[in-house]
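Working notes, structure below.
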Amino acid sequence: MNEVRCFIGLGSNLNEPIQQVRTALTELNSLQGVRLTRHSPLYRSEPVGPAGQPDYINAVAELQTTLHPLALLDALQQVEQKHQRKRIQHWGPRTLDLDLLLYNNETINNERLTVPHPYITKRNFVLRPLADLESDLTLPDGSKLMQHLADCPMGTLQQLPL
Numbered sequence: 000m001n002e003v004r005c006f007i008g009l010g011s012n013l014n015e016p017i018q019q020v021r022t023a024l025t026e027l028n029s030l031q032g033v034r035l036t037r038h039s040p041l042y043r044s045e046p047v048g049p050a051g052q053p054d055y056i057n058a059v060a061e062l063q064t065t066l067h068p069l070a071l072l073d074a075l076q077q078v079e080q081k082h083q084r085k086r087i088q089h090w091g092p093r094t095l096d097l098d099l100l101l102y103n104n105e106t107i108n109n110e111r112l113t114v115p116h117p118y119i120t121k122r123n124f125v126l127r128p129l130a131d132l133e134s135d136l137t138l139p140d141g142s143k144l145m146q147h148l149a150d151c152p153m154g155t156l157q158q159l160p161l
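According to our numbering, the residues represented by the sequence shown are 0 to 161, in order.
Here it is, written out as structure tokens:
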């Protein structure tokens, strides 16, 4: 299979989240069939979901991969497990969350995977770092990333120093 470009959303709000995200970026680059080409700056964002959670640290990574979408999803979930990811509460706190945001220009919808990610156009902590990497990006439905970013409230999203 030829390499395809994809974008991965990273998030953490437990156990030293900045280090969790930085380590995950390194681990993504070491996956077989995956090459990390670049990543956004880190951002601090308010949690979505249950109250009382710490803020999240988020980023977006651009990868080139020879893995098919479900194989890539499996690899991402293995990285999450290395970080002791527990799936206890929907949108609850987590050591690491890796979301397959975009896979090439494909639309995928099956019981395990939806691409583009269903909330890609609604989350400032996805849109802003994605725009840092590819501001002229067109989503598979033909919509423009920058229009979604303009329509999305930024809340308390804060870029962190390098």
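For glycine and all other residues, C-beta sits at the position ideal for the given N, C-alpha and C.
Residue span of the beta strand (DSSP E) that contains residue i, given as start and end
i	result
I119	Run containing I119: none; DSSP gives neither H nor E here.
L71	First-last for L71: 68-81, but that is the alpha helix (DSSP H), not the beta strand (DSSP E).
S44	42-44
V33	33-38
Selection from the options that minimises the alpha carbon distance to residue i
i	options	result
T106	M0, E133, Y118, P139	P139
D73	L112, V3, K143, N57	L112
L71	T94, N57, D98	D98
Q158	P40, L30, N28, C5	P40
C5	S29, V114, N14	V114
R127	S142, A50, D150	D150
Q76	Q52, L30, S134, G51	L30
Close-in-space but distant-in-sequence residues of the same chain around residue i (CB under 7 angstroms, 5 per side omitted)
i	result
D54	N12, R43, S44, E45, P46
T94	S11, L13, N14, Q19, H82, Q83, R84
Beta bridge counterpart(s) of residue i as assigned by DSSP
i	result
G10	N57, D96
L101	F6
N108	T113
T64	V3, V33
Q157	R43
Sequence-distant residues of the same chain with beta carbon closer than 8 angstroms to residue i, five excluded per side
i	result
N1	T65
T22	H82
S142	T120
8 angstroms Cβ cutoff met for residue i and residue j
i	j	result
L100	G8	yes
Q19	H82	yes
L62	T36	yes
L220	L136	In the structure displayed, the chain extends from 0 to 161; residue 220 sits before or after that span and is not available.
V78	L132	no
N108	V3	no
Same chain only: Cβ atoms within 6 angstroms of residue i, ignoring 5 sequence neighbours per side
i	result
D96	G10
P16	I56
M153	N123
V163	Because the chain here runs from 0 to 161, residue 163 falls outside it and cannot be looked at.
H116	D98, L100
The alpha helix (DSSP H) enclosing residue i, as first and last residue numbers
i	result
D150	144-150
T22	16-29
Any non-hydrogen atom of the ligand NAD within 7 angstroms of residue i CB
i	result
Y55	As for the ligand NAD, it is missing from this structure, which has no ligand bound.
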